[in-house]
Amino acid sequence: MLPKEDLLKGVENRDSVIRVIDQAEQAVKTWEVVMTDFYSPPEIAEIQRSFGRLTDVQMVAWGGYPQAERQRLAIARSELPLDVEQVEVIALNIAGNFLFDPASHRDFLGAILGTGIVREKVGDIIVLGERGAQAIVVPDLVEFFQASLTQVRSVPVKVQPLPLSELKIREPKKKELTTVEASMRLDAIASAGFGMSRSKMADLISSGDVRVNWKDINSTSYTVKPGDLIAIRGKGRVEVGDMMVTKKDRYRVNLTRFV
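Following our numbering, the numbering of the sequence shown begins with 77 at its first residue and continues without gaps.
Listed below in structure tokens is the structure:
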């Protein structure tokens, strides 16, 4: 049995972690690779943190393409080979003529959930404008969606599976920059990365709008490190890159902003 109470210490997404613990115990007992549902970035990050100290269980996450936000986990005993190709996902093309009745991400998600499917069975949705959308789902729901998802807004749609290689991925825009700061405090690094005043950033941090590695951080003095991902709701993300200490004991930090 896995140390359930230890794995649940300090977690925010308790229900999600409990489900994964149960599935991990199944993987250990059966020597099989077990698939989870799709989880959001904060849930994935918390699950991986909780399980990171275990040596008898391994997991990989995949959502159909490298930048996917919502991902499934494949879980297995550490003795077994495991890679992202074993994470079972499939892409669907939701085709229709939306020229005169444009549909948003919310419209497509609403239509999908309107079939009776829970959100956890669906990954990312890529809106293609007047042509429709593409969605990542669990493979065993393909036939269900082909039969049940027939309309989005007022537009009739046809659902067909397609290879993941045909996903119309829009590469995120990114901007590289370098800043020199007196410390690696969150408010200092984030204000430089997002191009806003330190006082404004301090307000965002205090109000709970800032996450580091998908974990809510409310302290402006929190110390960030290379590899950390800083996210602000509605404003994108900043990845902390290489850092070096200057001769004047200041921190020169490379940052990448994704918008």
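Backbone N, C-alpha and C define an ideal beta-carbon position, used for all residues, glycine too. Predicted model, so just to flag it, every value in this text is computed and none were measured.
For the beta strand (DSSP E) containing residue i, list its first residue and its last residue.
i, result
"V256", "250-257"
"L175", "No beta strand (DSSP E) holds L175; DSSP gives it neither H nor E."
"V288", "286-288"
DSSP three-state call for residue i: helix, strand or coil?
i, result
"F221", "helix"
"R309", "coil"
"G304", "Checking the sequence shown, residue 304 turns out to be Asp, not Gly. Reduced to three states, the DSSP call for D304 is coil."
"G208", "strand"
"F334", "strand"
"I293", "coil"
"K244", "coil"
"L83", "helix"
"A265", "Before going further, note that residue 265 is Ile rather than Ala in the sequence given. I265: helix per DSSP, three-state reduction."
"K234", "strand"
"R195", "helix"
"D318", "strand"
"D200", "strand"
Measuring alpha carbon to alpha carbon, tell me which of the options ends up nearest residue i.
i, options, result
"Y115", "G192, V213, N173, V231", "V213"
"Q162", "Q147, F176, K197", "Q147"
"L175", "G192, G199, E164, A209", "A209"
"D200", "D216, Q143, D325", "Q143"
"E164", "R153, A187, A179, W138", "W138"
"R261", "I170, G192, A278", "A278"
"G312", "R333, I293, P178", "R333"
"T131", "T106, A100, P118", "A100"
"A167", "E242, T296, A150", "E242"
"E145", "L158, I170, I202", "I202"
"T254", "F270, E247, N289", "F270"
"Y141", "V314, R246, S259, N289", "R246"
"D263", "I281, K244, K249", "I281"
"T106", "M77, R95, V321, G303", "M77"
"F221", "L149, G192, L204", "G192"
"N169", "I123, P237, D82, H181", "P237"
"S230", "D183, T322, I293, R129", "D183"
"A85", "M319, S224, D113, I123", "It should be pointed out that residue 85 corresponds to Lys in this sequence rather than to Ala. Ranking M319, S224, D113, I123 by Cα distance to K85 puts I123 first."
"S283", "T296, D318, V160", "T296"
"T322", "S259, P302, S273", "S259"
Below 8 Å on the Cβ atoms is my guess for residue i versus residue j; work out the distance and round it to an integer in Å.
i, j, result
"V233", "G172", "4 Å"
"E252", "A268", "Going by Cβ atoms, the distance from E252 to A268 rounds to 13 Å, so no, they are not a contact pair."
"A307", "W290", "7 Å"
"V136", "L156", "Wrong, their Cβ atoms sit about 11 Å apart, outside the cutoff."
"L204", "K244", "6 Å"
"V335", "V316", "Not quite, the Cβ-Cβ distance comes to about 16 Å (not below 8 Å), so this is no contact."
I want to see whether chain D comes within less than 8 Å of residue i, judged by CB atoms only; does it?
i, result
"A209", "Among the protein chains of the structure shown there is no chain D, as only one such chain exists."
Output the boundary residues of the alpha helix (DSSP H) element that contains residue i.
i, result
"L280", "274-282"
"L189", "181-189"
- [ ] Scan the segment 85-170 and note each continuous beta strand (DSSP E) run of 3 residues or more that stays entirely inside, going in chain order.
- [x] The segment 85-170 contains these whole beta strand (DSSP E) runs: 110-115, 133-138, 147-153.
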